[in-house]
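Numbering (my numbering), first residue to last: 1 to 242.
Glycine included, C-beta positions come from ideal geometry on N, C-alpha and C.
Just below is one structure, and these are the notes that go with it.
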Ligand SMILES: NC(=O)c1ccc[n+]([C@@H]2O[C@H](COP(=O)([O-])OP(=O)(O)OC[C@H]3O[C@@H](n4cnc5c(N)ncnc54)[C@H](OP(=O)(O)O)[C@@H]3O)[C@@H](O)[C@H]2O)c1
């Protein structure tokens, strides 16, 4: 199959292109740096022309309320281009529980992206992943202050980017789900515990202080970002750290 991967130069997109190519598909990466812009629409018609499947792995440059406009405009442009080209399947990567955290702009933006796709005319699949293991360092940096890192005890089920890419490639090569598939890592940690494991593994002597008000994940209620019934990936966090 010919599969256009928009955002195909990113963390997940580049691995999805690789996985699809190895599986024998003609996977073509596109992104802003290759001249395809989902916001202005530049190059988008050409990128999706002739594609059986379009995988959208673009990301907003910010997590604030500007991310709502990013996902609205990019999905409007992408679905219009896919419709004109007669694409048979559009795939996006979203977040487990994204519709359960309306306090966070970025999670509302991802829920909006899902709703736009589901309301469109093109058959679709939504893969929802839990937080990437690659994302943990950034989360620690947001609330670091000297020798202290403050983190809430929010339950998190981290998944390795390589496992996410394998799942997205598998869905892209299959029949449209016209629904959602949840994928998650094999273990659930509280975020403060995840921080302690991460710092200890790196020989970083800073202290993690449990603080229910610290950082973006403080807004998350209960265990909505985890799913024990998701398709569970193999990679464990400490193995990934090693
Ligand atoms: N972080 C998490 O834990 C998590 C969890 C679940 C789902 N997700 C979702 O996973 C998806 C992929 O994330 P990622 O980490 O792989 O992203 P990433 O590494 O930041 O890559 C983003 C990609 O989007 C492209 N891009 C950005 N703006 C664009 C534009 N205007 N037009 C065309 N291309 C544009 C970039 O292209 P350039 O080459 O031009 O930079 C790059 O290829 C995101 O939608 C995110 O919401 C993330």
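Same chain, Cβ closer than 6 Å to residue 100, neighbours up to 5 away in sequence not counted: 224
Residue 136 - DSSP class collapsed to helix/strand/coil: helix
Whole-Å CB distance - residue 190 paired with residue 155, under 8 Å assumed: 6 Å
Sequence-distant residues of the same chain with beta carbon closer than 6 Å to residue 169, five excluded per side: 16, 19, 20
contact_flag[the stretch 39–57, the stretch 90–99] where n(CB pairs < 8 Å) is 3 or more: yes
Of the listed residues 172, 58, 117, nearest to residue 32 (C-alpha basis): 58
Own chain partners of residue 140 with C-beta closer than 7 Å, once the 5 adjacent residues on each side are dropped: 149, 195, 198
CA-to-CA distance, residue 142 to residue 211, given in whole angstroms: 13 Å
Paired residues, beta bridge with residue 150 - DSSP: 209
Residues bridged to residue 125 (per DSSP): 91
Residue span of the alpha helix (DSSP H) that contains residue 201, given as start and end: 191–201
Given 8 Å, three or more beta-carbon pairs between the stretch 171–189 and the stretch 65–85: no
Unbroken beta strand (DSSP E) run spanning residue 53, endpoints: 53–56
Residue 214 in three-state terms, based on DSSP: coil
Local conformation of residue 236 per DSSP, three classes: coil
Backbone CA spacing between residue 81 and residue 121 [nearest angstrom]: 12 Å
Alpha-carbon to alpha-carbon, residue 48 and residue 85: 7 Å
Span separating the alpha-carbon of residue 60 from that of residue 97: 19 Å
Proximity of residue 163 and residue 233 at Cβ, strictly below 7 Å: yes
Whole-Å CB distance - residue 217 paired with residue 152, under 8 Å assumed: 6 Å
Buried/exposed call for residue 222, threshold 16 Cβ in 10 Å: exposed
Proximity below 7 Å, CB of residue 178 to CB of residue 102: no
Identified DSSP bridge partners for residue 26: 2
Cβ distance (whole Å) where residue 183 is taken to contact residue 136 below 8 Å: The Cβ separation is near 17 Å, so there is no contact.
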